[in-house]
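Enquirer: In the working numbering, the protein residues as written are 89 to 153. Even for Gly, the Cβ is constructed at its ideal location relative to N, Cα and C. Sending over a structure as structure tokens; questions will come in a sec.
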Ligand SMILES: [Zn+2]
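Right, here's the structure in full:
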């Protein structure tokens with residue numbers, strides 16, 4: 089054993105957490121890193137995760153120009 093621990097992540101390196109990509113999915117009522125803003129049937133702007141967008145056929149808003 090040489091004890092060379094080269095697999096330890098360097099400080100200040102790649103961030104593990106990406107808070108900006110996590111939002112609260114209003115459909116299954118939990119946080120998801122795949123959530124995108126969508127409009128519900130009443131026109132309110134809510135976040136829905138990928139699974140819920142597929143399940144409820146929700147189109148994400150904000151990407152449209
Ligand atoms: Zn969801």
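#1: Any heavy atom of ligand 1 closer than 7 Å to the Cβ of residue 129?
#2: Do residue 109 and residue 121 have their C-beta atoms closer together than 8 Å?
#3: For ligand 1, list every residue whose C-beta falls under 6 Å from any of its heavy atoms, going in chain order.
#4: Taking just the CA atoms, how far does residue 128 sit from residue 113?
#5: Where do the N-terminal and C-terminal ends of the beta strand (DSSP E) with residue 120 fall, by residue?
Expert: So, from the data block:
#1: Within the chain shown, residue 129 is the residue found at index 41, counting from 1. Incorrect: residue 129 has no Cβ contact closer than 7 Å to ligand 1.
#2: Position 21 of the chain shown, counting from 1, holds the residue named residue 109. Position 33 of the chain shown, counting from 1, holds the residue named residue 121. Yes, these two residues count as a Cβ contact at 8 Å.
#3: 113, 115, 116, 120, 136, 137, 139 and 140
#4: Here the question's residue 113 lines up with position 25 in the chain shown. Here the question's residue 128 lines up with position 40 in the chain shown. In a straight line, the C-alpha of residue 113 is about 12 Å away from that of residue 128.
#5: Counted from its first residue, the chain shown places residue 120 at position 32. Here the beta strand (DSSP E) through residue 120 covers 118 to 120.
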